[in-house]
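Engineer:
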């Protein structure tokens, strides 16, 4: 039984514990307590296991001494040695290998029974458990360090994809999300040299002649050169003005809205917060010297997350 309890306790995953905690079950509460301070349940389990093995070995040894006190042997091997070998093999198979295999493969169904049994053991063996914890206290790891790293989550995602629990697309999204913190605006922006922008004095007529006019919904506006972005125009505003008034001489400056700037070193999580808080879809990107180096949009964020191109 001790080996089953140990295998179940060590096989339970953090995600399963969290699910049980959120469901408000006693199993979840106990699992969370024992996984957080795993020395206590392990001390109780191993103490009982050691007592059982020691008492068993002494008992078998005593009986063997009574039966074979004349030094009888078989094929030159004393019966005491044969019994010791058989018992060792029996303990290995029946008390370790089989129970731990059962526990490791059926930990979900066995966890409710296991945590309640462990709780009883901790109470019964409290003095021995306390002594064991005092001895092992100096060997504990620093709990301030995270239990699972980003590399662990990435590996778990790969395992989930390989086992069929996750689709390839889902796996890619999770991996991309885990890499978000490592990326900056410069990594995902559209460089200024290839970004579609229009000058302030560009008329609607001239704008409609551009091949890219129907592709982008938000277009930055600059004065004289692309290093002097002054605002942006919305394609919907341009088309509405054209349809309602028919004026094709209206310039982009007349339809222009305010545009915001971000640093090229800004990390993506902070960029996402900035986009959502300011309710913006596009930012002009500047470097440490204030020069404009590109554009970044909400679509760029989703492209990085999904691994697919979105044109807006």
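Numbering (this note's numbering), first residue to last: 3 to 314. For each residue, glycine too, the CB sits at the ideal point set by N, CA and C. Since the structure is predicted, the reported quantities are computational estimates derived from the model, not experimental observations.
Give the list of continuous alpha helix (DSSP H) stretches no shorter than 4 residues that lie fully inside the stretch 222 to 247.
Structural biologist: 237 to 247
Engineer: Helix, strand or coil for residue 127? Go by DSSP, reduced to three states.
Structural biologist: The answer is coil: DSSP assigns residue 127 none of H, G, I, E or B.
Engineer: From residue 60 to residue 22, what distance separates their C-alpha atoms?
Structural biologist: Straight-line spacing of the CA atoms in residue 60 and residue 22 works out to 42 Å.
Engineer: For the beta strand (DSSP E) holding residue 294, just list the boundary residues, first then last.
Structural biologist: 294 to 299
Engineer: Below 8 Å on the Cβ atoms is my contact criterion, and I expect residue 255 with residue 223 to pass it. Report the Cβ-Cβ distance as a whole number of Å.
Structural biologist: 7 Å
Engineer: Assuming residue 168 is part of the alpha helix (DSSP H), what are its boundary residues?
Structural biologist: For residue 168, there is no enclosing alpha helix (DSSP H), since its DSSP letter is neither H nor E.
Engineer: From 282, 238 and 117, pick the residue whose C-alpha is nearest to that of residue 300; which is it?
Structural biologist: 282
Engineer: Have a look at 246, 226, 8 and 288 and flag the residue whose alpha-carbon is nearest the alpha-carbon of residue 102.
Structural biologist: 8
Engineer: Take every Cβ of the stretch 272 to 280, pair it with every Cβ of the stretch 223 to 240, and state whether three or more of those distances are shorter than 8 Å.
Structural biologist: no
Engineer: Who are the near neighbours of residue 174 in its chain, counting only those whose CB is closer than 7 Å to its CB and skipping five residues on each side?
Structural biologist: 309
Engineer: Under 7 Å, do residue 19 and residue 34 count as touching if we go by C-beta distance?
Structural biologist: Contact annotation: residue 19 and residue 34 have beta-carbon atoms nearer than 7 Å.
Engineer: How big is the Cα-Cα spacing for residue 158 and residue 96?
Structural biologist: 32 Å
Engineer: Where are the alpha helix (DSSP H) runs, 4 residues long or more, that stay fully inside the stretch 18 to 63, in chain order?
Structural biologist: 28 to 38
Engineer: According to DSSP, simplified to helix, strand and coil, what is residue 196?
Structural biologist: coil
Engineer: Flag this pair as yes or no: are the beta carbons of residue 10 and residue 116 separated by less than 7 Å?
Structural biologist: yes
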